[in-house]
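Report on one structure; see the data block that follows.
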Amino acid sequence: MVGALIGWFIDRVAGTSPWGLIVFLLLGFGAGVLNVLRSAGYVAEQGNIKSSAEKNDKK
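To get our numbering, take the position in the sequence shown, counting from 1, and add 3.
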């Protein structure tokens, strides 16, 4: 949403409609996907740490 608003504002000021909106919307989408992937990696890593600890406790 923020990317779309920034792009819309730039388009209004620079008269480049709709290119600013498109570019900043895609940048915002890409940033969101990157955050999801980072979060998924963090959660997976935490699961691996817990699994390793549980295996070591059983020995």
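Think of the CB as a built atom: it goes at the ideal place given N, C-alpha and C, for glycine as much as any other residue.
- Query: Looking only at its own chain, which residues have a Cβ that is under 8 Å from the Cβ of F32, when we skip the five neighbours before and after it?
  - Reply: G6
- Does the Cβ of L65 have 16 or more other Cβ atoms within 10 Å, making it buried, or fewer, making it exposed? Only positions 4 to 62 of the chain appear in this structure, which leaves residue 65 out of reach.
- Item | C-alpha gap between G18 and F12, whole angstroms | 10 Å
- Query: Around the C-beta of T28, are 16 or more other C-beta atoms found within 10 angstroms, so that it is buried, or is it exposed?
  - Reply: As written in the sequence, residue 28 is Leu, which differs from the Thr given in the question. Looking at its Cβ environment, which holds 16 or more other Cβ atoms inside 10 Å, L28 is buried.
- Message: Report the CB separation of D14 from L24 in whole angstroms; it is logged as a contact under 8 Å.
- Response: 6 Å
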